[in-house]
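These protein sequence lines are chains A and B, in that order. Numbered by the numbering used here, the letters in the first sequence go through residues 1 to 181 in order. Numbered by the numbering used here, the letters in the second sequence go through residues 182 to 362 in order. Just so it is clear, CB atoms sit at the ideal spot from N, CA and C, and this is done for glycine as well. Presented below is the structure to which this report refers.
There are 2 protein chains.
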Amino acid sequence: MGPIRKRLIIDMDETIADSLARQLEWFERDGVTTILPRELERPDLHQFLKGEHAELLRSYAHHEDFFRDLPLLDGAQEALERLAGKYDIYIATAAMEFPLSFAPKYEWLRLHFPFISPMRYIFCGDKSVLKADYLIDDTAKHLQGFHGDGLLFTAPHNIHEDRFRRVDSWGEVLALLMPAA
Amino acid sequence: MGPIRKRLIIDMDETIADSLARQLEWFERDGVTTILPRELERPDLHQFLKGEHAELLRSYAHHEDFFRDLPLLDGAQEALERLAGKYDIYIATAAMEFPLSFAPKYEWLRLHFPFISPMRYIFCGDKSVLKADYLIDDTAKHLQGFHGDGLLFTAPHNIHEDRFRRVDSWGEVLALLMPAA
């Protein structure tokens with residue numbers, strides 16, 4: 001018997017799923033605004049989106065199609081497959097805010113990460129109730145309540161956050177968590 | 182500021198929701214067998230159901246209607262409302278085995294337990310990933326992997342289980358967890 005495997009919890013939106021791409025696509029479709037990639041890192045842009053378009057943004061996430069066929073973030077699939085060789089991987093997503101996301105999120109995970117058992121999916125709200133060695137998440141709030149090692153996955157909305165260890169890509173996660181590989 | 186509130190995780194099926202009643206009702210509807218209440222505690226009955234009718238039983242739980250309008254277990258609603266005054270209550274259900282149960286489970290909880298925020302619902306598979314002071318569950322497997330105090334909620338299928346502290350009713354849970362009340 002080998003050593004006990006460490007447990008790694010990984011978030012979905014903006015960590016392995018490119019929900020931001022969908023959001024920008026729908027903003028453009030609805031004629032709200034066209035945001036250029038280089039503008040995404042401006043903090044005033046997020047203030048603007050949260051202020052002027054908070055309602056619209058929420059309505060998107062309450063739409064079942066929002067979570068369908070989301071693109072994968074670069075390297076997520078390959079990285080998780082490699083990590084699964086060493087860690088017990090769980091996927092935890094704050095799906096309770098958007099009940100219509102349950103089915104599309106489940107299907108998306110089955111499709112793209114067939115090597116992770118659905119028994120290891122966690123649809124929740126408050127992630128402070130989870131127990132693991134690592135949590136990789138783009139949302140500072142979730143890392144704040146977490147008791148293991150939190151890794152902030154870089155996303156445009158969090159680039160000004162400096163309380164957590166940051167990882168900029170799945171390549172960087174692999175370098176950190178699979179150093180011998 | 183008062184003392185830190187303890188965290189209490191509570192299971193759904195056969196702990197607050199009477200899924201067994203539905204199961205027996207459907208068995209009878211399908212002409213499989215009629216089980217009398219006094220027969221439920223016979224261990225050979227559970228062997229029989231798991232053996233002869235395992236497929237049918239699984240097909241029930243994969244049917245969306247199975248989880249709709251489940252009766253409440255006696256005293257569950259009142260007990261949780263009182264417990265919510267002292268504990269941070271989370272509801273954790275192994276819903277990943279039955280993806281069609283997501284929506285009816287969510288609606289059932291909203292209807293019967295409006296005082297618990299959906300942010301505290303957890304739809305998962307393996308509950309060993311949860312962190313809390315207490316877990317109340319009828320399934321020994323879940324208590325086994327849990328690191329806090331596990332309470333086995335008595336159900337016909339578990340009466341021969343003796344590894345865990347047992348609670349027979351919601352009244353008994355209140356006596357144990359709200360002793361001053």
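Collapsing the DSSP output to three states places V213/B in coil. In this structure, DSSP gives L311/B an extended state, which the three-state scheme calls strand. Nearest C-alpha to A132/A among H328/B, I317/B, K322/B and D319/B: H328/B. A260/B carries a helical assignment under DSSP once its states are collapsed to helix, strand and coil.
Collapsing the DSSP output to three states places A84/A in coil. When CB distances to chain B are screened at a threshold of 9 Å, the residues of the segment 121 to 133 of chain A falling below it are Y121, I122, F123, C124, G125, D126, S128, V129, L130, K131 and A132, in chain order. By the CB criterion at 8 Å, R7/A and Y121/A fall outside the cutoff. The segment 340 to 357 of chain B makes contact with the segment 243 to 261 of chain B: 3 or more CB pairs, one atom from each, lie closer than 8 Å. Assigned with DSSP and collapsed to three states, A61/A falls in helix. Annotation for S309/B: G326 and F327 place their beta carbon closer than 7 Å to its own, counting only its chain and skipping 5 residues before and after.
Between the alpha carbons of L201/B and E195/B lies a gap of roughly 7 Å.
For F123/A, the enclosing beta strand (DSSP E) has its first and last residue at Y121 to F123. Here the alpha carbon of A140/A sits roughly 22 Å from the alpha carbon of F67/A. In the structure shown, F115/A adopts coil according to DSSP, grouped into three states. Shown here is that no member of the segment 50 to 66 of chain A has a Cβ falling below 8 Å from a Cβ of chain B.
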